[in-house]
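Visitor: Structure provided below as structure tokens; questions to follow.
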Amino acid sequence: MPERLIFEYSSEGKKGYSLPEMDVPVESVEKFIGNRHLRKNLPELPEASEIEVVRHFTHLSQENFSIDSHFYPLGSCTMKYNPKINEDVARFPGFTNIHPLQPEGLSQGSLQMMYELEQCLAEISGLSRISLQPAAGAQGEMTGMLMIRAYHKAMGSPRKKVIIPDSAHGTNPASAVLSGYEVVEVKSDNAGRVDLEDLKRVADAECAAFMLTNPNTLGLFEKNILQISNILKEHGILLYLDGANLNAMLGLCRPGDMGFDVVHFNLHKTFSTPHGGGGPGSGPVGVKEALVPFLPVPVIEKKDECFYLNYDISKSIGKVQGFYGNFGVMVKAYAYIRTLGAEGLKEVSENAILNANYMKKRLEGYFALPYKVGCMHEFVLSGSEQKKAGVSTKDIAKRLLDYGFHPPTVYFPLIVDEALMIEPTETETKEVLDKFCDVMIAIAKESKENPDIVKSAPHTTPVTRLDEAKAAKELDLRWKKATGD
Ligand SMILES: *Cc1c(COP(=O)(O)O)cnc(C)c1O
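Numbering (numbering that gives the first Met the number 0), first residue to last: 0 to 484.
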């Protein structure tokens with residue numbers, strides 16, 4: 000049964016607190032606040048006991064899925080377990096009690112942490128400098144695009160177009176358009192990678208950049224990346240990496256070595272931080288030497304063992320975020336990187352790849368697999384076979400909730416019919432992966448033998464299927480006795 004409203008626990012006189020007897024003279028509020036500012040009626044606040052309040056909020060928190068309570072194989076999102084030690088480190092008083100306007104001399108530790116995080120990210124990616132300012136991947140993309148625009152402008156013309164594959168995440172074209180570019184689509188080939196012939200067809204001197212995700216959104220490594228980079232170089236086109244899938248590359252290979260000029264990181268995905276509820280995130284963007292003069296201000300520099308904020312960047316695109324970005328997320332990423340070290344980060348990616356390939360192998364006989372090659376940290380199945388029996392990917396996703404699993408990403412990438420995009424991450428045990436595969440196989444069986452139970456799922460959640468648009472626009476928080484409607 001869904002949790003009741005806190006108001007429904009209320010009855011007159013119940014209290015959740017007890018205060019000691021007053022030991023000072025009692026004064027009336029009217030003495031201090033003018034009568035016209037005082038309310039006429041008492042506020043209608045609920046009156047509940049402390050334990051009722053605790054239970055109410057604890058129950059509410061349990062009505063949802065979370066990484067701490069459930070396996071969460073949301074493809075592309077990298078919903079890994081976030082070590083609790085990172086939260087402790089982010090709460091160190093030295094980090095939480097500073098003010099962004101405090102003088103540099105009194106913020107040396109925080110500046111050092113940011114400086115060193117930048118160095119770690121530069122080393123991991125093979126780039127020259129990083130700006131930590133963007134608050135999410137999407138903002139990193141736009142910051143990158145604006146730097147690319149400024150770069151081309153300084154070379155004579157900002158150019159007109161940005162090339163983006165048909166498998167790309169929606170934020171890519173959005174960032175290109177917001178930065179004043181027209182989007183040109185490049186097709187994927189039959190193997191799920193950038194079609195080199197199509198790329199040659201669209202690449203010309205009017206193109207400013209190629210935005211690519213690697214491994215791409217099908218979980219496949221773009222193994223022709225050096226050829227791609229050479230095709231672009233002929234026309235002076237810059238290569239941008241959407242780094243959302245960096246979880247597959249840590250310590251194994253570096254975007255800078257593959258020819259990428261600009262890269263954004265999603266600290267909240269690759270480098271741990273609970274996300275999925277809307278933030279906070281952090282989307283630093285890194286560049287090769289040629290783009291350093293265009294970085295947002297300020298950048299953090301070190302001189303004579305002191306750290307300072309440098310606003311003197313010759314051709315900077317300006318500031319893109321209040322103060323210096325989402326500082327707490329940076330602390331967590333820094334703690335994560337320093338805890339694991341170079342060897343540990345490499346193991347993260349190796350295990351992420353191993354887990355995804357293991358699950359792909361177990362599931363490929365039960366769901367259509369459009370691209371039958373080894374994957375990186377995620378893979379994409381298609382529910383097209385189940386669709387023939389009238390069971391959609393949405394139905395399968397809803398049915399997973401009954402078995403206690405958060406569904407994978409669905410209907411993305413757009414080039415796969417009835418897509419189910421599964422990313423297990425490195426932090427799950429073989430037992431959990433097996434349990435999820437067993438359930439997926441059971442649902443495949445149900446889809447054949449008892450499709451109605453899948454089509455009417457979920458059956459065990461506090462609410463069943465909502466009209467998603469209506470639920471978002473006409474929020475109704477009233478608790479109704481279960482009447483079946
Ligand atoms: C998550 C994601 C983004 C956007 O990143 P945000 O941090 O959510 O803004 C872009 N591209 C891909 C492939 C992603 O998975």
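Note that beta-carbon positions come from the ideal geometry of N, C-alpha and C, so glycine has one too.
1. Hey, would you say Ser-130 sits closer than 8 Å to Val-298, going by beta carbons?
2. Mind checking who Thr-212 pairs with in its DSSP beta bridge?
3. Could you please give the first and the last residue of the uninterrupted alpha helix (DSSP H) stretch that includes Ser-228?
4. Closest by CA to Cys-252, which one among Arg-337, Asn-81 and Ile-123?
5. Do three or more CB pairs link the region 352-364 to the region 426-443 at distances below 8 Å?
6. Can you have a look at His-36 and say buried or exposed, based on whether 16 or more other CB atoms are within 10 angstroms of its CB?
7. Three or more beta-carbon pairs under 8 Å between the region 133-152 and the region 248-267, yes or no?
8. Where do the N-terminal and C-terminal ends of the alpha helix (DSSP H) with Leu-380 fall, by residue?
9. Would you say Gly-324 touches ligand 1, meaning its beta carbon is less than 7 Å from a heavy atom?
10. For the 8 Å Cβ check, are there 3 or more pairs between the region 44-51 and the region 12-24?
11. Mind checking which residues open and close the alpha helix (DSSP H) that includes Leu-362?
12. Can you tell me which of Ile-236, Ser-228, Thr-269 and Gly-235 puts its alpha carbon nearest to the alpha carbon of Gly-255?
13. Report the option in Leu-339, Ala-243, Leu-231 and Ser-281 whose CA atom is closest to the CA atom of Leu-73.
14. Tell me the residue span of the beta strand (DSSP E) that contains Leu-419.
15. Have a look at Asn-486 and Gly-389 and give me their C-alpha separation to the nearest angstrom.
16. Looking at the unbroken alpha helix (DSSP H) that takes in Arg-3, where does it start and where does it end?
17. The alpha helix (DSSP H) spanning Val-201 covers which residue range?
18. From what residue to what residue does the beta strand (DSSP E) around Tyr-307 run?
19. Report the rounded CA-to-CA distance for Gly-324 versus Ser-391, giving the unit in angstroms.
20. What does DSSP give as the partner residue(s) for Gly-285 in the beta ladder?
21. Counting only the same chain and skipping the five closest in sequence on each side, list residues whose C-beta sits under 6 Å from that of Pro-406.
22. Taking the DSSP output, what are the residues bridged to Val-409?
23. Look at Thr-77 and Thr-338 and say whether their C-beta atoms are less than 8 Å apart.
24. Less than 7 Å between C-beta atoms, sequence neighbours within five positions excluded: which residues of the same chain meet that for Lys-480?
25. The alpha helix (DSSP H) that contains Ile-442, what's its start and end?
26. Considering only heavy atoms of ligand 1, does any lie closer than 7 Å to the CB of Gly-280?
27. With DSSP as the reference, label Val-296 as helix, strand or coil.
28. Checking 8 Å against the spacing of the C-beta atoms, do Leu-294 and Ser-315 come in under that value?
29. Measure from the alpha carbon of Gly-160 to the alpha carbon of each residue in Ser-174, Val-28, Gly-108 and Tyr-370, then state which is nearest.
30. Give the single residue among Ser-381, Ser-109, Leu-120 and Gly-340 whose Cα lies nearest to the Cα of Phe-366.
31. Following a CB-centred definition, is His-376 positioned closer than 7 Å to any heavy atom of ligand 1?
32. Quick check: what's the CA-CA separation for Ile-84 versus His-267?
33. Lys-199 to Leu-231, Cα distance in whole Å?
34. For chain D, find out if any of its Cβ atoms is closer than 8 Å to the Cβ of Leu-344; answer yes or no.
35. Please work out which residues of its chain come closer than 8 Å, Cβ to Cβ, to Pro-19, disregarding the five sequence neighbours upstream and downstream, and give them in chain order.
36. DSSP has Ser-65 in a bridge; who is on the other side?
Guide: Concretely, from the data shown:
1. Taking the sequence shown and counting its residues from 1, one reaches residue 130 at position 131. Taking the sequence shown and counting its residues from 1, one reaches residue 298 at position 299. Going by C-beta atoms, Ser-130 is nearer than 8 Å to Val-298.
2. Within the sequence shown, residue 212 is the residue found at index 213, counting from 1. Per DSSP, Asp-241.
3. As a first step, residue 228 must be located in the sequence shown, where it is residue number 229. Looking at the DSSP string, the run of the alpha helix (DSSP H) that includes Ser-228 is 224-233.
4. Within the sequence shown, the letter at position 253 stands for residue 252. It is Ile-123 whose Cα lies nearest to the Cα of Cys-252.
5. With a cut-off of 8 Å, the region 426-443 and the region 352-364 count as touching, because enough Cβ pairs lie within range.
6. The sequence position of residue 36 within the sequence shown is 37, counting from 1. In the assembly as shown, His-36 is an exposed residue. Its beta-carbon has fewer than 16 other beta-carbons within 10 Å.
7. yes
8. Translated into the one-based positions of the sequence shown, residue 380 becomes position 381. Note, Leu-380: premise wrong, no alpha helix (DSSP H); beta strand (DSSP E) at 378-381.
9. Along the sequence shown, one-based indexing puts residue 324 at 325. Not so, every heavy atom of ligand 1 lies at least 7 Å from the Cβ.
10. yes
11. The residue labelled residue 362 in the question sits at position 363 within the sequence shown. Looking at the DSSP string, the run of the alpha helix (DSSP H) that includes Leu-362 is 326-362.
12. What you label residue 255 is simply residue 256 of the sequence shown in a count that begins at 1. Checking every option, the nearest Cα to that of Gly-255 belongs to Ser-228.
13. What you label residue 73 is simply residue 74 of the sequence shown in a count that begins at 1. Among Leu-339, Ala-243, Leu-231 and Ser-281, the Cα nearest to that of Leu-73 belongs to Ala-243.
14. Within the sequence shown, numbered from 1, the residue matching residue 419 stands at position 420. Here the beta strand (DSSP E) through Leu-419 covers 418-421.
15. With the chain covering 0 to 484 only, the question about residue 486 has no answer from this structure.
16. Mapped onto the sequence shown, residue 3 falls at position 4. Note, Arg-3: premise wrong, no alpha helix (DSSP H); not H, not E.
17. Position 202 of the sequence shown, counted from the first residue, corresponds to residue 201. Run containing Val-201: 195-201, per the alpha helix (DSSP H) assignment.
18. Reading the sequence shown from its first residue, position 308 is the one you call residue 307. Note, Tyr-307: beta strand (DSSP E), 305-309.
19. For the purposes of this step, residue 324 is taken as the residue at position 325 of the sequence shown. For the purposes of this step, residue 391 is taken as the residue at position 392 of the sequence shown. Each residue's alpha carbon lies about 41 Å from the other.
20. To locate residue 285, count along the sequence shown from 1; it is residue 286. Answer is Ile-129 and Val-262.
21. Taking the first residue of the sequence shown as position 1, residue 406 is located at position 407. Only Ala-396 and Leu-399 meet the Cβ criterion.
22. Translated into positions along the sequence shown, residue 409 becomes position 410. The partner list for Val-409 (beta bridge, DSSP) reads Leu-419.
23. Locating residue 77 in the sequence shown gives position 78, where the first residue counts as 1. Locating residue 338 in the sequence shown gives position 339, where the first residue counts as 1. It is not a contact, given that the beta carbons lie outside the stated cut-off.
24. Within the sequence shown, numbered from 1, the residue matching residue 480 stands at position 481. Unreliable placement is indicated for Lys-480, whose pLDDT of 49 sits below 50; no coordinate value is reported for it.
25. Residue 442 sits at position 443 when you count from the first residue of the sequence shown. Counting along the chain, the alpha helix (DSSP H) containing Ile-442 begins and ends at 429-448.
26. The residue labelled residue 280 in the question sits at position 281 within the sequence shown. Gly-280: yes, Cβ under 7 Å from ligand 1.
27. Here residue 296 is taken as the residue at index 297 of the sequence shown, counted from 1. Coil, per DSSP.
28. Residue numbering aside, residue 294 sits at position 295 when the sequence shown is read from its first letter. Residue numbering aside, residue 315 sits at position 316 when the sequence shown is read from its first letter. Going by C-beta atoms, Leu-294 is nearer than 8 Å to Ser-315.
29. Counting from 1 along the sequence shown, the entry for residue 160 is found at position 161. Going by the sequence as given, residue 160 is Lys instead of Gly. It is Ser-174 whose Cα lies nearest to the Cα of Lys-160.
30. Looking up residue 366 in the sequence shown gives position 367. When each option's Cα is compared against that of Phe-366, the closest is Ser-381.
31. Your numbering for residue 376 matches position 377 in the sequence shown. Flag unset: Cβ of His-376 not near ligand 1.
32. Within the sequence shown, the letter at position 85 stands for residue 84. Within the sequence shown, the letter at position 268 stands for residue 267. C-alpha separation (whole angstroms): 15 Å.
33. As a first step, residue 199 is located in the sequence shown; it is residue number 200 there, counting from the start. As a first step, residue 231 is located in the sequence shown; it is residue number 232 there, counting from the start. Cα to Cα, Lys-199 sits roughly 9 Å from Leu-231.
34. The structure shown contains no chain D; it is built from a single protein chain.
35. Counting from 1 along the sequence shown, the entry for residue 19 is found at position 20. Taken in chain order, the list of residues that qualify is empty.
36. Counted from its first residue, the sequence shown places residue 65 at position 66. Paired residue(s): none; Ser-65 is not in a bridge.
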